[in-house]
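K.L.:
Chains as they are written, first to last, in my numbering: chain A, 7 to 108; chain B, 8 to 384; chain C, 79 to 306.
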Amino acid sequence: MTLRRSTVFISFTALGLAALFVIAADAGLRGRGAAQALAQKRWLVKSLALTDLALFTDARYTRHPAMADLHSPFQDYPISLEHFPSGSLMPPPPHVRTHGRR
Amino acid sequence: MGGVEKQRCIIDFTLSSLLRRKGKNGALLVVYTLVVFLLASVMLFTQAIRKEAAAVLADAPELVVQRIVAGRHDLIPLDYMGKIGAIRGVRAVSGRLWGYYYDPLFGANYTLVVPEEQAGGLGEIAVGQGVARSSMASEGNIMPFHTHDGRLVSLTVARVLPASTELVSSDLILLTAEDFRMLFGVPAGVATDLVVAVANPAEVPTIAAKIARLLPDTRPIARSEILRTYDAAFSWRSGILLAILAGALLAFLIFAWDKATGLSAEERREIGILKAVGWETGDVLAMKFWEGSVISLSAFLAGVVLAYLHVFVAAAPLFEPVLKGWSVLYPRFRLTPSLDFAQLAVLFFLVVVPYAVATIVPAWRAATVDPDAVMRG
Amino acid sequence: MIELLDVHKTFNQGKPNEYVALRGITLAIASCQATVLKGPSGSGKTTLLSILGGMARPSAGRIILSGREITSLPERFLTDIRRRTFGFIFQQFNLIRGISVLENVMLPAYPCGESHSLLRGRALALLELFGLAGRAATRVEWLSGGEMQRVAIARALINDPAVIVADEPTAHLDTKLSGEFLEFMARLKGEGKTIIMASHDPLVCEAGVVERVVEMRDGRVVAGGGAP
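1. Going by beta-carbon coordinates alone, are B/ALA204 and A/VAL51 separated by less than 8 Å?
2. Judging by CA-CA distance, which residue of C/ARG135, C/GLY224, C/ALA276 is the nearest neighbour of C/ASP252?
3. Run through chain B and tell me which residues come within less than 8 Å of A/LEU9, C-beta to C-beta.
4. Which residues, taken in chain order from the stretch 176-200 of chain B, show a beta carbon closer than 9 Å to some beta carbon of chain A?
5. For C/LYS254, verify whether its CB is less than 7 Å away from any heavy atom of the ligand ATP.
6. Could you pull out every residue in the same chain whose Cβ sits closer than 8 Å to the Cβ of B/ILE83, ignoring the five residues on either side in sequence?
7. If you draw a straight line from the C-alpha of C/VAL98 to the C-alpha of C/VAL85, how long is it?
8. Beta strand (DSSP E) containing C/LEU100: first to last residue?
9. Decide if B/GLU327 is buried, meaning its Cβ has at least 16 other Cβ atoms within 10 Å, or exposed.
10. Buried or exposed: which applies to C/MET294, given that a residue is buried once 16 or more other Cβ atoms fall within 10 Å of its Cβ?
11. What are the complete beta strand (DSSP E) segments, minimum 3 residues, inside the stretch 103-162 of chain B?
12. Rounded to whole angstroms, how far is the Cβ of B/VAL381 from the Cβ of C/PHE168, which I believe are closer than 8 Å?
13. Looking at chain A, which residues of the stretch 294-312 of chain B have a Cβ within less than 7 Å of any of its Cβ atoms?
14. Checking 8 Å against the spacing of the C-beta atoms, do A/PHE15 and B/VAL312 come in under that value?
15. So, for B/ASP379: in the same chain, excluding its five sequence neighbours on each side, which residues have a beta-carbon less than 8 Å away from its beta-carbon?
16. Quick check: is the beta carbon of A/PRO84 nearer than 8 Å to any beta carbon in chain B?
17. DSSP state of B/VAL97, grouped into three classes?
18. Using CA coordinates, which residue listed in A/ALA72, A/SER12, A/LEU56 is at the minimum distance from B/GLU173?
19. If you follow the beta strand (DSSP E) that C/HIS86 is part of, which residue opens it and which one closes it?
20. Among residues of its own chain, excluding the 5 on either side of B/VAL359, which ones have a beta-carbon nearer than 7 Å to its beta-carbon?
21. Please check the pair B/ASP19 and A/ARG38, which I expect to be a contact at CB under 8 Å, by giving their CB distance rounded to whole angstroms.
22. On the three-state DSSP scale, how would you describe B/LEU270?
23. Quick one, which residues of the stretch 181-212 of chain C are near chain B if we go by CB-CB under 9 Å, in chain order?
24. Of all Cβ atoms in chain B, is any one closer than 8 Å to the Cβ of A/LYS47?
25. My guess is that B/TYR237 and B/ALA65 are in contact by the Cβ rule of under 8 Å, so how many angstroms apart are they, rounded?
26. For C/GLY165, write down the residues that DSSP places opposite it in a beta bridge.
27. Could you give the residue range of the beta strand (DSSP E) that holds C/MET294?
28. Just mark B/PHE356 as buried or exposed, buried being the case when its beta carbon has 16 or more other beta carbons within 10 Å.
29. Going by Cα to Cα distance, which pick from C/ASP238, C/ALA244, C/ALA106 is closest to C/ARG161?
30. With 16 other CB atoms within 10 Å as the buried threshold, where does A/TYR83 fall?
31. What do you get for B/TYR362, buried or exposed, if any count of 16 or more other CB atoms within 10 angstroms of its CB means buried?
32. Could you tell me whether the stretch 124-135 of chain C touches the stretch 194-207 of chain C, using the rule of 3 or more Cβ pairs below 8 Å?
33. Please state the DSSP three-state secondary structure of C/GLU147.
34. Which stretch, first to last residue, makes up the beta strand (DSSP E) that contains C/ALA53?
35. Secondary structure at C/PRO94, three-state DSSP: helix, strand or coil?
36. Give the list of continuous alpha helix (DSSP H) stretches no shorter than 4 residues that lie fully inside the stretch 187-242 of chain B.
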């Protein structure tokens, strides 16, 4: 007897759900495994008094968005997007946007 | 068991029916999976980076005090430390020395930081992995720097910072305070900004307000604001990526809508036949439900699993060009995986449910025709 | 035994395109017999066929199936009764294109929730009976006309109904295939099935298997009505 089509579909769905559980387990496991690396990062942040992630190095206000001062990053308009792709990924920090409105 | 067997039989038929248009439905499945994959990748990536930022920056300075001169961040006199230190509730104040250095040789921007506790000796630097990569420097090498007054000085790479810290240290160069002041010509009495330690974290806003009143040319930045910055940075509103995805999603919606709602004359005839041979309205709708679900559920499961592999196993290679922007220096980091089931549920309701519904609804009218319609044909 | 009492059917009632198909049909059809509804096109025989087969509801009048009134049953029950009592053979065969012969035959039984392996066995046995065993996996559009007809008959028999209903079964068949069809009907009648056909083909009306011809015109029975 040939395989029923519904059997194929149900098996595929079961496999997908199983994969979902496997990645959930993997996430949990690797999350625990990353504890040491996290501790190292936290230590570095603490000892160097760092304030930002080193994600974007192309402009001052994307390298240190938390330190961005009130005017220089957004010369034209405080919440304008500009021509760096990272600048459009990273909107102006809330303390800049809300400044003056509080 | 009759009910289960019945649904399985209906699924059998649905699959046979879908397999008749292998090319079209196959293409639909692939595009659908791709859309889920992209959406899930963005979701997993931004979620993980937000979580990581919150965890890593939990020990960021409680309060940073900047000085603003003519609307620009300026060097802060060290004698401000005394005034701030006198405020009740302030545990400690220290000056931070940091700045940017543009390396014309490699076209890269570095962040130069002076550690509070002296690590290396005079003329020695520690560099982040990103700096080591882009300038091909390793321990014992010499890196040339242009000073503010035009001289060329060489500093020795004494240490490369561990790769595990790259998310925060990729572009860092650690050096002594003396070398920093010599390089940039920063006079002895000033710092880049001040870091304030507070005895009771609940008092941070009060102390910040006092500092702002006491020293009107300064701007205090609290740790909560730093964390808020990163929480907002990768929210769903985060710009261009979402715009692109929205476009893709819209195109897909049109495609799916056309596919799902356009009940062809052939399909209408088939529904008539099913009714005539003894299927109830409910059976026809169940068939249509499976027709939508088979595609959308398969696409969802495959898309989410692929997205997880993409983001956490392969370190999101597809996002790299976008995230890199124009920077020469890009950190290599592996995000700590996290899977948020609430977010997956949102994605599920966003991509699976509408498609299944869009398949059923147009069939509704066709499914309620009288069984004898075929005979009257 | 199927009884119809003063059955009327009006399509698009109250609209400008209102059309009266049946005007008071009273008829009793005996079990284990072959009955033909004869009449020109537009005489209402197809409508009558679909009403007595439980596919459509009459606008007025009652239908009694083996002593049970089925006119006012809700859809679910009516469909269930129809599925188990009647096997339909349509004028154009109405097979679903693109899927296999076997699946087409099994289709009417899917909503019954019967075990798949039993159902499959039954369908294969039917195909064997009609000489189609080798064609089970073939797509229906690749069959010859005669084969399609046999698939349609096999499909009508999958739920082992007591009544076979056929609408203009020979309309698209040549004389040889029509003869073959009537032979199949004779065989089924021999097995105790009731046969009801609508046709104006003399080949059908004058066939040996047919016991009774009910003539219709303009939605009324004009000859052969009343009790069998």
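For every residue, glycine included, the Cβ atom is placed at its ideal position computed from N, Cα and C.
Computed from a predicted structure; not experimentally measured.
P.N.:
To lay it out plainly:
1. no
2. C/GLY224
3. Under the 8 Å cutoff, chain B gives no residues; its nearest Cβ is about 11 Å from A/LEU9.
4. SER176, SER177, ASP178, LEU179, LEU181, ASP200
5. The ligand ATP is absent from the structure shown, which contains no ligands of any kind.
6. VAL72, GLN73, ARG74, GLY102, VAL197, ALA198, THR199, ASP200, LEU201, THR225
7. 12 Å
8. 97-107
9. exposed
10. buried
11. 105-110, 115-120, 131-134, 149-153
12. 6 Å
13. VAL301, LEU304, SER305, LEU308, ALA309, VAL311, VAL312
14. no
15. ALA283
16. Its pLDDT being 47, under 50, A/PRO84 is placed unreliably in this model, and the value from its coordinates should be taken loosely. It does not: the Cβ of A/PRO84 has no partner Cβ on chain B nearer than 8 Å.
17. strand
18. A/LEU56
19. 80-89
20. SER303, LEU304, PHE307
21. Rounded, the Cβ-Cβ distance is 44 Å, inconsistent with contact.
22. coil
23. GLU181, MET184, LEU185, PRO186, ALA187, TYR188, PRO189, CYS190, GLY191, GLU192, SER193, HIS194, LEU197
24. yes
25. That belief does not hold up - the Cβ atoms of B/TYR237 and B/ALA65 are roughly 11 Å apart, past 8 Å.
26. C/ILE242
27. 290-295
28. exposed
29. C/ASP238
30. Because the pLDDT of A/TYR83 is 47, which lies under 50, any placement of that residue in the model is unreliable, and the question is left without a value.
31. buried
32. no
33. strand
34. No answer is possible for residue 53 of chain C: the residues shown for chain C start at 79 and end at 306.
35. coil
36. 211-221, 230-240
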